[in-house]
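Position 239 of the sequence shown, counting from 1, maps to 224 under my numbering, and the rest follow consecutively. Note that CB positions come from ideal geometry on N, CA and C, so glycine has one too. Keep in mind the model is a prediction, meaning the values are calculated, not measured. Report on the following structure.
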Amino acid sequence: MFSVNPILNTDSYKTSHYLQYPPGTTRVFSYVESRGGVWDRTLFFGLQAILKQEFLTPVTRAHIEEARDLLAPHGAPFNEAGWAKLIDKHGGYMPLDIRAAPEGSVIPVRNAMMSVVNTDPDFFWLTSYVETALLRVWYPVTVATISWHVRESIKEALEKTADNPEAELPFKLHDFGARGVSSYESAALGGLAHLVSFKGTDTFAALLAARDFYHEPLAGFSIPAAEHSTITAWGREGEVDAYANMVAQFGKPGKIFACVSDSYDIFAAVEKLWGETLREKVVESGATLVVRPDSGDPETIVAKTLELLAGRFGFDVNSKGYKVLRNVRVIQGDGVNPESIKAMLARVVRDGFSAENVAFGMGGALLQRLDRDTQKFAYKASAAEIGGVWRDVYKDPVTDHGKRSKRGLLGLVNDGQYRTVAVDSARFQPLDGGANLLRPVYRNGELIVDESLSSIRERATA
């Protein structure tokens, strides 16, 4: 992880904003929302990790000196007196009140999920200053949202076709994304977001993040698996020997191992090598072989692989009337995204197979093929206290009313449906009664809520 100077954890233009607010400004209130996007609901997650990583470290004199030396030649004004006062008055900790929905909540878009307001009138400029760091919550929220919606698709197929869908579901989407993201930090936070809904991952960084930020000793699991280099190193003539070695090394009773099988001819590999030459070894091992086709049209290739495996290894018909392969399963890790998963599942079910026969590995489409606009995330000021009076703050561009921002002091309620509502200025509770679901999570440098991943998982899957 990088060592972050809190003063520089912002955009350059933010450094001049302390000079731009109206005279007499003492407090600024901002909120975060998804203004729409691909999904109609988002799974709120990841703020606790950001707060622990970036908001529990106090600003120091060394931070001020580093910022001063950088900002002047950079062309950005520097509020050196303001940051010095932060150290003198608050020991370098941010005098902010940050409230948020409970992590794991699945909230319809266009609702406030988080609010931020300064607690010391000398630091009215700080609410907007921290936008850059706090709005990065869009990333774990968006990954968690993708993963949760895929979970819903797989859950539907399993409930229709499997005898024990709840036992199958946690391991049906595997995180293959560590190599496809922009940084270790992205792998950690994005991979962790996936683990809210599933327990299958090949991203070690996510396991460490779950341990360090969410009290989860071991958040996910994997199995021994081959890659093309470990198969093709045997040469084409030695392909069957490579597969035999996989059985010898990992084929133990009750164990599971995966083998990529499309290095040359996936159909010959399944039908001849696995299905004839090595069939008895696989069966006698007592293990489950997971065949991974890794090229071709996903919907077609999964269907064909299941058909060939059923012909060679046999199948049982479960209580719901769907075929369940004996000794073998399939995992598809190429061309996998939320839409292709739906298509593959539909084909599998249409062909009479239970969805329990198939798992999916998703990489770039899970952790990288997304941006802030996937769910149109925004962090906006909606109210300011000026001269002791709260004033609505909002924008409504004539060129794009979709960017109209909310106004006033805001909270979130759920009275049968989630709604963003007006709150009072004393306790930030709804004016019309009820409880604000945006609960205090951080105040003046102190983390108030510190939840476990297990409790967040329960909330997300309830």
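query, result
"Alpha carbon to alpha carbon, what distance is there between G162 and V126?", "16 Å"
"Go to A350, then tell me how far its alpha helix (DSSP H) extends in each direction, as first and last residue.", "G349 to L352"
"Bridge partners for K308 per DSSP, in chain order?", "V302 and F338"
"Grouping DSSP H, G and I as helix and E and B as strand, with all else coil, what is Y228?", "helix"
"Flag this pair as touching only if the segment 50 to 59 and the segment 388 to 397 have three or more C-beta atom pairs under 8 Å; answer yes or no.", "no"
"If you check the beta carbons only, do V135 and P323 fall under 9 Å apart?", "yes"
"Would you mind listing the alpha helix (DSSP H) stretches within the segment 28 to 104 that are 4+ residues and don't spill past its ends, in chain order?", "32 to 39, 46 to 59 and 65 to 75"
"Assign E324 to one of three DSSP states: helix, strand, or coil.", "helix"
"Verify whether the separation of the beta carbon atoms of I216 and S167 is less than 9 Å.", "no"
"Less than 8 Å between the CB atoms is what I'm expecting for F108 and A368, so what's the real figure, rounded?", "Not a contact, Cβ separation roughly 16 Å."
"Between A85 and L28, is the Cβ-Cβ spacing less than 9 Å?", "no"
"Would you report the Cα separation of V232 and A350, rounded to the nearest angstrom?", "31 Å"
"The beta strand (DSSP E) with S18 in it runs from where to where?", "In the sequence as presented, Ser is not what sits at residue 18; that position holds Glu. Unbroken beta strand (DSSP E) run through E18: T10 to S19."
"Restricting to runs no shorter than 3 residues, where is the beta strand (DSSP E) found entirely within the segment 136 to 182?", "158 to 160"
"Check whether the Cβ atoms of H159 and A344 lie closer than 9 Å to each other.", "yes"
"As a quick exercise: from G89, A142 and Y228, pick the residue whose alpha carbon is nearest that of A445.", "G89"
"Could you check whether the segment 313 to 323 touches the segment 278 to 291, counting it as contact only if at least three pairs of C-beta atoms, one from each stretch, sit closer than 8 Å?", "yes"
"Taking the alpha-carbon positions, what's the Q38 to A363 distance?", "21 Å"
"Taking the alpha carbon of G205 as the point to measure from, which residue in F198, R196, A211 and L192 has its own alpha carbon closest?", "L192"
"With DSSP as the reference, please indicate the residues paired to I371 in a beta bridge.", "T10 and V374"
"With the cut-off set at 9 Å, would you say L81 and V102 are in Cβ contact?", "yes"
"Ordered along the chain, which non-local residues of its own chain (more than five positions away) have a Cβ less than 7 Å from that of R357?", "W123"
"Are at least three pairs of beta-carbons, each pair with one atom in the segment 45 to 55 and one in the segment 398 to 406, less than 8 Å apart?", "no"
"Going by DSSP, what residues sit across from R404 in a beta bridge?", "V398"
"Suppose contacts are defined by Cβ-Cβ distances below 9 Å. Is T117 in contact with D(-4) by that definition?", "yes"
"Tell me the DSSP secondary structure of Y249 in three-state form.", "coil"
"With three or more C-beta pairs closer than 8 Å as the rule, is the segment 242 to 262 touching the segment 175 to 191?", "no"
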